[in-house]
Every structure is written in structure tokens, then in C-alpha cells.
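Protein chains in written order, with the numbering used here: chain A, 1 to 225; chain B, 226 to 450.
The structure under discussion appears below in the form of C-alpha cells.
Protein chains: 2
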Amino acid sequence: MPREKKPQNPPVKDKKGSKTSKSLIKRLPVYLRILDNLIRRDVDIISSRVLSDETGFTAEQIRKDLATFGAFGTRGTGYNTSYLREKLLKITGLDKQIRIVVVGSGHLGKALTRYNILKNPYVEIAGIFDANPDELDNEILGIKVQPMEDLPLLIKEQGIKVSMITVPAEVAQEVVDLLVENGITAILNFAPTKLRAPANVHIHNADLTIELQSLIYYSLEREKE
Amino acid sequence: MPREKKPQNPPVKDKKGSKTSKSLIKRLPVYLRILDNLIRRDVDIISSRVLSDETGFTAEQIRKDLATFGAFGTRGTGYNTSYLREKLLKITGLDKQIRIVVVGSGHLGKALTRYNILKNPYVEIAGIFDANPDELDNEILGIKVQPMEDLPLLIKEQGIKVSMITVPAEVAQEVVDLLVENGITAILNFAPTKLRAPANVHIHNADLTIELQSLIYYSLEREKE
DNA sequence: CAGTGTGTGTTAAAATATTAACAAGTTTGT
DNA sequence: ACAAACTTGTTAATATTTTAACACACACTG
Ligand SMILES: NC(=O)c1ccc[n+]([C@@H]2O[C@H](COP(=O)([O-])OP(=O)(O)OC[C@H]3O[C@@H](n4cnc5c(N)ncnc54)[C@H](O)[C@@H]3O)[C@@H](O)[C@H]2O)c1
Ligand SMILES: NC(=O)c1ccc[n+]([C@@H]2O[C@H](COP(=O)([O-])OP(=O)(O)OC[C@H]3O[C@@H](n4cnc5c(N)ncnc54)[C@H](O)[C@@H]3O)[C@@H](O)[C@H]2O)c1
Numbered sequence: 001m002p003r004e005k006k007p008q009n010p011p012v013k014d015k016k017g018s019k020t021s022k023s024l025i026k027r028l029p030v031y032l033r034i035l036d037n038l039i040r041r042d043v044d045i046i047s048s049r050v051l052s053d054e055t056g057f058t059a060e061q062i063r064k065d066l067a068t069f070g071a072f073g074t075r076g077t078g079y080n081t082s083y084l085r086e087k088l089l090k091i092t093g094l095d096k097q098i099r100i101v102v103v104g105s106g107h108l109g110k111a112l113t114r115y116n117i118l119k120n121p122y123v124e125i126a127g128i129f130d131a132n133p134d135e136l137d138n139e140i141l142g143i144k145v146q147p148m149e150d151l152p153l154l155i156k157e158q159g160i161k162v163s164m165i166t167v168p169a170e171v172a173q174e175v176v177d178l179l180v181e182n183g184i185t186a187i188l189n190f191a192p193t194k195l196r197a198p199a200n201v202h203i204h205n206a207d208l209t210i211e212l213q214s215l216i217y218y219s220l221e222r223e224k225e
Numbered sequence: 226m227p228r229e230k231k232p233q234n235p236p237v238k239d240k241k242g243s244k245t246s247k248s249l250i251k252r253l254p255v256y257l258r259i260l261d262n263l264i265r266r267d268v269d270i271i272s273s274r275v276l277s278d279e280t281g282f283t284a285e286q287i288r289k290d291l292a293t294f295g296a297f298g299t300r301g302t303g304y305n306t307s308y309l310r311e312k313l314l315k316i317t318g319l320d321k322q323i324r325i326v327v328v329g330s331g332h333l334g335k336a337l338t339r340y341n342i343l344k345n346p347y348v349e350i351a352g353i354f355d356a357n358p359d360e361l362d363n364e365i366l367g368i369k370v371q372p373m374e375d376l377p378l379l380i381k382e383q384g385i386k387v388s389m390i391t392v393p394a395e396v397a398q399e400v401v402d403l404l405v406e407n408g409i410t411a412i413l414n415f416a417p418t419k420l421r422a423p424a425n426v427h428i429h430n431a432d433l434t435i436e437l438q439s440l441i442y443y444s445l446e447r448e449k450e
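Encoded structure:
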């Protein structure tokens, strides 16, 4: 029994000083995903309580997170799903599709490229690159793997700022250097190695090995009990 | 309509072990990896300062982390790489190879299975499973994809406690239920969905979409400057 | 074998993040 | 129109994590 409700239109931009913590920013895409699901199910209004059930975060935390950026809800009622989604899209920068490049068309690079083309409407794969000539024949859902030589031009021509790198750890640093040199400012790194870059370049590490190994720690702790 | 007063309890609250924080545990595999590299290069002694350079964590944090579990270093000198490695292996539980199963032999499942067989000496892939009959012909580095029907027996016979799941989000919960039912206590979930499990089961989410989307937030912040 | 340099381990302080409490709006029912 | 029922947004309290400081132990030197 969803009801239609539109809150007033308050100042949309950031609140005061940007006290946006890293962990908060990582929760925003989760909210966004839940909202997408809710909207698909024609739910118009959602309370922080129910949002808590869906996300696993506490209702207090959700309210606090959202309040960081403005007053998006209606007291006594909840949040309008479409309105909140729009706001979150603006905040995260996902309101316009972002073009990214993938470097390394190995197993992981292919899986990620494929996945993002099919399932992630918020990004567009502008290109995938590899140093191995044998890879250049391959095509992933219509996108041809290109040689590294073509990377600088494409990045600069299209003004691309974001890249995923799925190359062996040994060459990851040189790939980063190349990317940074050509204007990339944000890198999602899957290689299990520490990368160096200028302070204005953001590097996030998606270290799947760490995830698995730390999980094992917990699996053993549990057994003791 | 009756209403509950208390909100849902938050995901996981460690009652006793507040000593070892989640973030600390995630740093341990990083230390371990660096130590492996150092030992391979015949480095015998390492200071927290140099370890800081290699890992990106501060030297203070490294010393504090290690001191949580004991006094592994020598004052005035540093840490013996082999000795520290042994200690960390014991602490993380990686001293004996852990057998795990993979559920979902799609693109990501195949990449992960392959990677762990080739590059991760700390785990052994005991089996990979899929519900799609077409997948059953496939073989990943000698490991044949098995039907879901064979999963319970293998888990129970081999006493397997850890699993990675790489199935579509829509079926992830039912897979978790099946795994838990058969004795799995730790799950690394790659599906972008919140999973429910008994409190004694550890679920880690490796949400690659979140990583990419939160990175985009930062890439845009930078541009403003 | 004292003296000095070095880097750990521990304790204290600061910074962050989470949790809780509640006042302030909003809707609904009468 | 008013009160009851809700739920947000904000402020305060608590917990956790990180940073800093420094005393202490060991090694090396002359
Ligand atoms: N596959 C996984 O599940 C997994 C898990 C954890 C970590 N990783 C990490 O992700 C990265 C990729 O893994 P993968 O399994 O896809 O490896 P892969 O060997 O299948 O692919 C690596 C690709 O990088 C290309 N490459 C090599 N040098 C290059 C260079 N200088 N410039 C551009 N491309 C280059 C290779 O040609 C190859 O296609 C590795 O660092 C790996 O450690 C992968
Ligand atoms: N591939 C990526 O790069 C990527 C990135 C982010 C998230 N993910 C997530 O990881 C998961 C797997 O992604 P993928 O790209 O490998 O998908 P995929 O479609 O290639 O593979 C999914 C596999 O799961 C199997 N499966 C379906 N239902 C099953 C069931 N009930 N029991 C057992 N197996 C079942 C399918 O047969 C298929 O082989 C998805 O949830 C996806 O959202 C993937």
C-alpha cells in the first residue's frame, strides 16, 4: 500500500563542511541499490526502519547518513524512494553515466567488463586494453580488446578519469604511472600490491585475497566456541 | 497495527573479542603478503618503518597491530621476517591449508577458482558447483564443475567450513541456506545482495559494484578542485 | 663493559564512527 | 481543529580506531 508523497524542495547541494567519511560513502551505493529494487516493486515511500531491514545497517545510521547531505525525508512519513534515489545519484555522481577504461583483459578483467556492461547501468566501458597481442583478437560483448598504444589517445580524447586495473601485480605500478600520466584520477586496483600515485589520484584496492584470508580467521574463531 | 519498540539488532556485535577489530584482521593478510615477498628476497629483518613503506599503513599502526597478539619483534632491531610470518600464519589460521568450495561457476567463479588454485597457496579448492547442467562439462585447471546435488555430501565428508559464492543475487540466499544447513560457517559473498544467516555464520561481502561506485564519488570530488 | 643509537611495545591523547535520545514536523482520524 | 501516532533530523553520549609519545630493551661500538 504505497502512497504518493513528495517532500518540499530544500537546498540540494552539500551541507556545510564535507564531513563525509569513507565508510559513509561506501554505504551510499547500497542505499541506491535498495532504492532501485523498491522502485521496481512500485514502493513509493520507505522508512529508515524498513531500509534498515533491507541493508543491514541500523535505522539511526541510515538517517544520519542521509542527513549529512540534506533533509530528504518527510517527518512522520519516511523517504520518497524516487526522490531519494535522485538525490543519491547526484551525491554519488552516478546521475550521469561515467565512462571508464579497463586495463588487463585477463580472466578477471573480462568478467568485470562483461558484468559492468550487462548489469551496471551507471558506468560505460569506454575501452579495454591489454599488452598481450594474443588478447587483441578477443571481443567482450562487442567491445574489442585494444593494444596499450591506443590507451593514451582514448583517455585524453574522451576525458576519461576512472579506470579499473586487472593486470599482474608485477606490472601494476607501471600501468598506474601510464594512466596517471594521461589524466586518470581514480583507479580501482585488483592487483594484490601497494600502488603509488600523486595525492590527487584516488586509488581503491579491491583485494579479493584479503577478503578470503580474513574470512578464514573468523571461520576458525567460531569453531572454538 | 502493533509495533515493535526495539529496532532490529545490528549485524554482528562481538561480545568478547573487542580486542581484535575487523580492520586489524584485514591488515594481517597484507603483512603476510609483504613478508612472503621479503623472505623471497632473502630479507631477514624488517622494521615497522620499512614495513610501513611497503604496506602504506603507518609504522605506529603496524607496531600496535602486531603487539595485539604478542611481542614478536626485537627492540632496537626490528622483526625477523620468517618468525613474524610464522606467527601471523598461526594467528590468521593460514598455517594449515584451508579447503573451500566455490558455488557458481560463472565468469567470476571461474576466475576466482583459477586464481586461487594458481596463486593462493593458503587455500585449496575442494570443489566448484553449479546448478546449470551446461556448466558440468567444464573443467577449471583439472577441477570439474559438479552438480549442486553433490554439494552436501562433499562438505560434510570433508568437514568444509568456508565457501565463496558467485551466483546471481536472486538465488544467493537459497544457496546460503543450503550451505549453512550443511555445516558451512564462513561465506565470502560476491552477489550484490544482503544475505541472512544464523549468528554463528560469518558472511563477508565482496561487493565490487560498491567499490567502483564509491570510487566515482571521489573521482568527481577531485575534479571540483 | 658502559655508553649510545635504534626501534619496539605500551600507554595516553586525539580523531572518527556509531549508537542513542529526543525535539520537531507530518499525517491521520475524529 | 486538535490530538495521537509516526518518523525524521539533530544533538549528545558512547565506542572504536588511529595517531602520537615515550619508556624500555636490545645491539653494537670503542
Ligand atoms: N582472477 C581472480 O579471481 C583474481 C583474484 C584476486 C586477485 N586477482 C588479481 O587481479 C589481477 C588480474 O588477475 P587475472 O586472473 O585476470 O590474471 P590474468 O593473468 O588472467 O590477466 C592478466 C592480464 O593482464 C595482461 N597484462 C600483463 N601485463 C600487462 C601490461 N603491462 N599492460 C597491460 N596488460 C598487461 C595480460 O596479458 C593478461 O591478459 C592480478 O593482479 C591478480 O593477482 C585476480
Ligand atoms: N563478474 C563480475 O565481474 C561481477 C562483478 C560484481 C558482482 N558480481 C556478482 O557475482 C555473481 C556472479 O557473477 P558472474 O558474472 O560470475 O555471473 P554468471 O552469470 O557468469 O555466473 C553465475 C553462475 O551461477 C550459476 N547459478 C545460477 N543459479 C544457481 C543456483 N541456484 N545454484 C548454483 N549455481 C547457480 C549459473 O549457472 C552461473 O554459472 C553475481 O551475483 C554478480 O552480480 C560479478
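Built from N, CA and C at the ideal position, the CB exists for glycine as well.
As the structure is a computational prediction, the values presented were derived from the model and not from experiment.
Going by beta carbon distance, what residues of the same chain come within less than 7 Å of residue i, once the five residues before and after it are set aside?
i, result
"B/L482", "Outside the modelled stretch of chain B, which goes from 226 to 450, sits residue 482 of chain B, for which no answer is possible."
"A/K194", "none"
"B/V392", "V328, G329, V400 and A416"
"A/L112", "V102, M164 and T166"
"A/V30", "T55"
"A/K110", "I140"
"B/P423", "V405"
"B/R339", "I365 and L366"
"A/A169", "A191, P192 and T193"
With respect to the beta strand (DSSP E) encompassing residue i, which residues constitute its N-terminal and C-terminal limits?
i, result
"B/E349", "V348 to D355"
"A/G78", "G78 to N80"
"A/L195", "Where A/L195 is concerned, there is no enclosing beta strand (DSSP E), given that its DSSP letter is neither H nor E."
"A/R75", "No beta strand (DSSP E) holds A/R75; DSSP gives it neither H nor E."
"A/N205", "H202 to N205"
"B/V464", "An answer regarding residue 464 of chain B cannot be provided, because it is not within the stretch 226 to 450 covered by chain B."
"B/V275", "Taken as a continuous stretch (DSSP letters only), B/V275 belongs to no beta strand (DSSP E), being part of the alpha helix (DSSP H) at S273 to T280."
"A/I98", "I98 to V103"
So which of the options has the shortest CA-CA distance to residue i?
i, options, result
"B/L276", "B/Q371, B/L309, B/S248 and B/K247", "B/L309"
"B/H427", "A/L38, A/L212, A/H202 and A/N200", "A/L212"
"B/N172", "A/Y218, A/T20, A/R114 and A/I210", "Summary: the structure shown does not reach residue 172 of chain B, with chain B confined to residues 226 through 450, and so no result is reported for it."
"B/V405", "B/V396, B/R421 and B/I342", "B/R421"
"B/M289", "B/T245, B/S307 and B/G331", "Looking at the sequence itself, residue 289 of chain B is Lys, so the reference to Met does not match. For B/K289, the nearest C-alpha among the options comes from B/T245."
"B/H332", "A/A172, A/F72, A/I140 and A/S214", "A/I140"
"B/D375", "B/L403, B/V396, B/A397 and B/Q398", "B/L403"
"A/R41", "A/S82, A/K22 and A/I62", "A/S82"
"A/Q61", "A/P198, A/E170 and A/S23", "A/S23"
Assign residue i to one of two classes, buried (16 or more other C-beta atoms within 10 Å of its C-beta) or exposed (fewer than that).
i, result
"A/G159", "exposed"
"B/G352", "buried"
"A/R33", "buried"
"A/D137", "exposed"
"B/D269", "exposed"
"B/G301", "exposed"
Check this for me: beta carbons of residue i and residue j, under 8 Å apart or not?
i, j, result
"B/I271", "B/L263", "yes"
"B/N430", "B/N414", "yes"
"A/L94", "B/I441", "yes"
"A/K226", "A/I184", "Given a span of 1 to 225 for chain A in the structure shown, any question on residue 226 of chain A remains unanswerable."
"B/F282", "B/L291", "no"
"B/S439", "A/A186", "no"
"A/V145", "A/E135", "yes"
"A/N182", "A/P152", "yes"
By the DSSP assignment, the alpha helix (DSSP H) with residue i in it spans what residues?
i, result
"A/R63", "A59 to A67"
"A/P29", "K22 to R40"
"B/Q371", "Element bounds for B/Q371: not the alpha helix (DSSP H) but the beta strand (DSSP E), I368 to P372."
"B/V400", "A394 to E406"
"A/E157", "L151 to Q158"
"A/G93", "Looking at the DSSP string, A/G93 is not in any alpha helix (DSSP H), and its letter there is neither H nor E."
"A/G109", "H107 to K119"
Report all residues from its chain with a CB closer than 8 Å to the CB of residue i; omit the five preceding and five following residues, and keep chain order.
i, result
"B/A284", "S272, S273, R274, L276 and S277"
Ignore the nearest five residues each way along the sequence and tell me which others in residue i's own chain have a CB closer than 6 Å to its CB.
i, result
"A/E124", "Q97 and R99"
"A/F69", "I91"
"A/M148", "F129 and A131"
"B/D261", "none"
"A/I117", "I125 and L141"
"B/D432", "P417"
"B/Y347", "L319"
"B/G303", "I270, I271 and S272"
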